[in-house]
Every structure is written in C-alpha cells, then in structure tokens.
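Beneath this line is the structure, given in structure tokens, with notes to follow.
This is the structure in structure tokens:
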C-alpha cells in the first residue's frame, strides 16, 4: 500500500465521557488535556498516511492548524471523518461560519491531516499564549 | 460525618435528583448513585483548581485583589461600555440569571447564553413549527420506542438511559437492562471461543451467522417485544454500541434521511435505491417499527444542531413527529447539555420575551439570531467589553470569535480556573451552585427542581447572585453620579 503524505477529511467535534469528567474536574487537569488533544480517526485512513496509535498529526483547516494525537476510533468504521472532543484545541480549527443563525459550524469543517512526528502538542497555557498573547 | 440524600446533581440536563452524599470535615467524601461527571463535580469543590480570591490583571499578570475592588472595576467597565456582551448563565441558578437580565438591561448590552452554540437552532425551529413533547416521567413509564438521533447520552448524559428511557422500569414498560447484559455476555463468549480457536485449543467451528448492525441492516431485533432502542449517528458511539439497532448516516445528510423517512411514513414511494447512504428497504423496516410502536420518542443532540442545515434539520425532525402522530403517538425532546441551560432560556423569556441572543442596546429587548447572537457580535468585532459567567467561551467558541473577546476588557465570574479565567482581566470567584449554594434549575423537559447546598463555600467566597447584585448596585450608582454631574 502506497503511503500518502496527507488526507483531506471532514472534522466533527463532540463530547466524550473523559472530556466530560475532565471539564468537571478542572480545565487545568491532566485528564482534560489528554482527552481534548486526541483525534479519533478511521483505521483505514490512519494506515493511508502511515499513522500508528498515538502518533502526532497536524490538522489544518482554513481557520488555522493544531497538533494532536491520532487514535484509532474504537468502534466501527468512520471513513473520511475525524472526531475531536470539544475544547480549545478543536476550536482553534473549527469553521466560524454561523450561517446567519449564530451557530458556528462545529461539525463538517473540511480539514487536511498529515503526520507531524516532531511537533509537540501545546499545553493550554502555550495554546492561549500563541493564539491570544496571554 | 453526615449523609445527605436526594441531592440534585448540577452537571447535565438530566438533573438526577437521587444522589447520596457523605460529608466529612466539611468536604464531600463520597458520592453515591452519580455518574463519573457527577462525582468529578461534587469532588471539584475542594480541588486545587478552585478560585478563592478575586484576581485583577496588572502589567499582563493576574494579581490578587478584594471583592470590593473587583466589583467596582467590573461595574466601571460595564457602565462605560457602549455595547458589552453578557454571556454564559447555563451553569448557575435561575435566581442569578434573573439578576443577569436586570444587569444587561441596565448596561444596554447583549445577553446570550450557551444555547447559542448548543440548542439555539432547536429554539429557532420550535419557534417556527412548534414542538410535540412531554416530560421525562411520561417517557419512563410509557415509551416503547426510543430513538437517539445525533446524540450520545452514554458520554454526555450518562444516566439518561438508566433513569428515563431504555434501562429503567416504568409503570407500563420494563427495563431492557437484562437483555443488554445478555447481549454483552454473548459477545464476550463469542470472543473467548474465537480466541481459543486461534490458539488451537478448540476445534474451529463454522460460525453461525450473527446479524451485525454496522452495515445498517435492520435485524430481527426490530420485531422484538419490549422497549426498543435505536441510534442514528455518523459514527458508532458508545450509545450506538448498546442500541438494538444502529443506523449510520453519512455526515451532513440527516436532513435528506429524515425527509426520506417522512415520505415513507406518508406511504409515498421513493424512486431511489438509497437515502443518505441507507438502502430504502432498511428505512422501510425502520418506519414500520416507528408506526407500530405505542409511544415513541426521538431525542436529538448536536449531531443535528451543529451539522450543515442546522435548524432546518430540527424543522424536519419535528415535522416527522407531526407526521408520525397521524399514525401513532410520538414526541421529541432536545438533549440539553448544561444543567440549567433550559432555565436560562426560560428566565430570559419570562423577563425579556426572548430565550437567548437578547440585545438591550436600544433600551428595549431585541432578538435577531445571526445579528444579536454573541458569536456574530464578536466576529463583527462590535462589542467593547465582556462579562462571562458560569461558562468557558475561550474553550468553546471558534478562535476568531475569542480573539475579539480577549481584545476588550473581560470580566469572568466562575468557581474554577478555566481557559476564560486565564485570559480575563478581572476574575471573580463564586460559590458552586448546587454544591455550595441552593437554587433552582430546569431539567431538559422544563421541570424546575431545587438544588441543595451541601457544603460551605471557601471563606469569603460569594454566590453568583450576590456578585451580580453588587455589580448592578455599583453600576446604578455610577450612572446616577454621571446624571448628577451632567
């Protein structure tokens, strides 16, 4: 199988139980960081760009890019999609288009995914400093 | 050590009111009956992420200050601003929300709650086509067909199934918990046999064909007796894993699928092989199950409100319920996220006439989603100050919207340090509603429930309601001084 450099996929953001427990425990907890900096991918898509579980990836949308940890989606197939739990990392690449009703497009943003083996995942403070200078 | 029973959990829209707490040395020592999020919330009152002193930004750094200074500075910012936004409100009590509306009117700001990035589109649809709904008690006792569409209660509302739907014993319908356990045991047994076969301990047998759900094919399970649980989603979530039938829809095609189902419910023929990736013959079996039930319910979540088509998805979902009610009895309910987001919509409506995105800048309430919604105000860079209470928009808004929020003076009222507190200018700690302060919250089916105070807040920490009242008083003082000076 020829390993590709990058893939064009659809971004979905949503809830996971770990993200839920993390947000209730505190946004500064390790659990919140670990549960919101992952990106669930389909096994076939992961193989197509030569990824293994927990490899770092760079996800880029028209809004920006972010480094995350790729994890195989544990149940069933979801080809062509990636799933990132809600959090500042997911929101740095979500589409701002509110389609004139106030709701940004948290699901359905087209993104490009490629391996980023040498790039670190930013902590919450680092991410806020990079994006908002605080 | 003391025990407190029948505590209402202040986490999600389920508002489970059967929590048992053990209090030792003034802190929550044990949580019974709650889910993982409930435990985390009750234990969070004493963890290291708790804010105990007001903070103010000086030379780029947050330094401790007093409530008097924090309240005065906040009031000065709000009184001076031309178009401030007052956002959040969903994780506090209705008593604080009421003061919030008064404050927004006084400062002529935009008042918005977290529904704007959650079930705002559902509200728009309900205003257009109405909503045939009921309380969760009715569903618990009577519903025999439960459909979760674009939502994953296993992760977001962990006890919803156990308290209100498939896994609860109602007066007229029984729990499906045992049948689920048997299914899990059978799956574990099959896995064990396969593993023994691989190791050569057991002779390989020709496997009986086991119906799978991943290929969208309805199994005989749709003909089973008792409650049926169906999940429609773009990926196989944990809830889909435990469902009797999982229908995998292509991303962004929910509108198409619901319209297809509507046509079949109306006995029309579809001239296509498949709709949204689902063969029409499977859809027909699903529609048969819907029509033949005694009382069905569709619960829907962000899968419908946040994907393309947004509020139009809800329009057709509600219209489907209207069609189904011509054949049998059906209801629909949004799965509300924060524990009192329903309360925020209710309080805003009874005070101003509108459930969210209320603009007081002209001196009277205006409501025009797309214009007065907080994300749009921020994207157009129109606001000149912000007050965020009981929410974390820096974590939950798109980056470009947050950029403008952070550019202007930002007041944050929250019990914990979160992403918004980290970038705010004035941070005011508050007591945790439902743990350190009593109050009222509205469950997702609009039933108001009392929240209990189970422990004392840290010394000197005030409630959201008290902080808002003090800011409101200070704003009025500044405005009257200004009038006198003029």
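Residue numbers (this note's numbering), protein chains in the order written: chain A, 2 to 135; chain B, 717 to 1202.
Virtual Cβ for every residue (Gly too), placed ideally from N, Cα, C.
State the DSSP-derived secondary structure class of residue i, mapped to helix, strand or coil.
i, result
"residue 1204(B)", "Lying before the first or after the last residue shown, residue 1204(B) is absent from chain B, which here runs from 717 to 1202."
"residue 925(B)", "With a pLDDT of only 49 at residue 925(B), under 50, the local geometry of the prediction cannot be trusted, and no value is derived from it."
"residue 986(B)", "coil"
"residue 1109(B)", "helix"
"residue 895(B)", "helix"
"residue 754(B)", "helix"
"residue 130(A)", "helix"
"residue 1149(B)", "strand"
"residue 1030(B)", "helix"
"residue 964(B)", "strand"
"residue 930(B)", "No answer about residue 930(B) holds up, because its pLDDT of 45 lies below 50 and its placement is not dependable."
"residue 1061(B)", "helix"
Hey, residue i and residue j: beta-carbon distance below 8 Å or not?
i, j, result
"residue 849(B)", "residue 1144(B)", "no"
"residue 815(B)", "residue 1064(B)", "no"
"residue 1005(B)", "residue 865(B)", "no"
"residue 1147(B)", "residue 1130(B)", "no"
"residue 1194(B)", "residue 792(B)", "yes"
"residue 1015(B)", "residue 731(B)", "no"
"residue 43(A)", "residue 78(A)", "yes"
"residue 1026(B)", "residue 102(A)", "yes"
"residue 1186(B)", "residue 787(B)", "yes"
"residue 988(B)", "residue 967(B)", "no"
"residue 1113(B)", "residue 1091(B)", "yes"
"residue 1022(B)", "residue 108(A)", "yes"
"residue 28(A)", "residue 807(B)", "no"
"residue 742(B)", "residue 1107(B)", "no"
"residue 1162(B)", "residue 1058(B)", "yes"
"residue 1122(B)", "residue 758(B)", "no"
So residue i contacts chain B; which residues on that side make the cut at Cβ distance below 7 Å?
i, result
"residue 22(A)", "752, 753, 756"
"residue 132(A)", "1115"
"residue 93(A)", "1115"
What I want to know is whether the C-beta of residue i ends up closer than 7 Å to one or more non-hydrogen atoms of the ligand ZN.
i, result
"residue 749(B)", "Among the components modelled here there is no ligand, and therefore nothing to report on the ligand ZN."
Could you tell me the alpha carbon to alpha carbon distance between residue i and residue j, rounded to whole angstroms?
i, j, result
"residue 24(A)", "residue 87(A)", "10 Å"
"residue 16(A)", "residue 66(A)", "21 Å"
"residue 124(A)", "residue 34(A)", "7 Å"
"residue 63(A)", "residue 114(A)", "13 Å"
"residue 1013(B)", "residue 910(B)", "38 Å"
"residue 85(A)", "residue 1196(B)", "50 Å"
"residue 1220(B)", "residue 1154(B)", "No information on residue 1220(B) is available, as it lies outside the stretch 717 to 1202 that chain B covers here."
"residue 930(B)", "residue 957(B)", "Any reading at residue 930(B) must be qualified, since the residue scores a pLDDT of 45, below 50, and its modelled position is unreliable; no value is offered."
"residue 980(B)", "residue 1002(B)", "10 Å"
"residue 120(A)", "residue 111(A)", "22 Å"
"residue 999(B)", "residue 978(B)", "10 Å"
"residue 1041(B)", "residue 751(B)", "34 Å"
"residue 1050(B)", "residue 20(A)", "21 Å"
"residue 877(B)", "residue 868(B)", "11 Å"
"residue 942(B)", "residue 890(B)", "7 Å"
"residue 892(B)", "residue 860(B)", "10 Å"
"residue 996(B)", "residue 973(B)", "10 Å"
"residue 927(B)", "residue 907(B)", "With a pLDDT of 43 at residue 927(B), under the threshold of 50, the predicted position of this residue should be treated as unreliable, and no value is reported."
"residue 925(B)", "residue 919(B)", "For residue 925(B), the predicted model reports a pLDDT of 49, less than 50, meaning its position is unreliable and no value from the coordinates is stated."
"residue 899(B)", "residue 51(A)", "36 Å"
"residue 728(B)", "residue 857(B)", "22 Å"
"residue 844(B)", "residue 1160(B)", "20 Å"
"residue 90(A)", "residue 744(B)", "32 Å"
Please list, in chain order, the chain A residues whose beta carbon lies closer than 8 Å to that of residue i.
i, result
"residue 1132(B)", "27, 28"
"residue 1095(B)", "97, 99"
Spell out the partners DSSP gives residue i in its beta bridges.
i, result
"residue 1083(B)", "1074(B)"
"residue 1047(B)", "1013(B)"
"residue 799(B)", "DSSP, once it has assigned bridges, lists no residue as partnering residue 799(B)."
"residue 15(A)", "86(A)"
"residue 748(B)", "736(B)"
"residue 1157(B)", "1165(B)"
"residue 112(A)", "10(A)"
"residue 58(A)", "69(A), 116(A)"
"residue 1266(B)", "As shown, chain B starts at 717 and ends at 1202. That puts residue 1266(B) outside it, with no answer to give."
"residue 766(B)", "1132(B)"
Report yes or no: is there a C-beta of chain E within less than 8 Å of the C-beta of residue i?
i, result
"residue 13(A)", "Looking at the structure shown, chain E is missing, and the protein chains on hand are A and B."
Which bits of chain A does residue i rub up against, with CB to CB less than 7 Å?
i, result
"residue 993(B)", "The contacting residues do not exist; residue 993(B) stays about 11 Å from chain A at best."
"residue 1092(B)", "99, 103"
"residue 1085(B)", "102, 103"
"residue 968(B)", "109"
Starting from residue i, find everything on chain B with Cβ-Cβ shorter than 9 Å and list it in chain order.
i, result
"residue 126(A)", "1138"
Chain A partners of residue i, CB-CB under 9 Å?
i, result
"residue 765(B)", "26, 27, 28, 29, 30"
Who are the neighbours of residue i on chain B, taking C-beta pairs under 8 Å?
i, result
"residue 64(A)", "1114, 1115, 1116"
"residue 129(A)", "1110, 1135, 1138, 1139"
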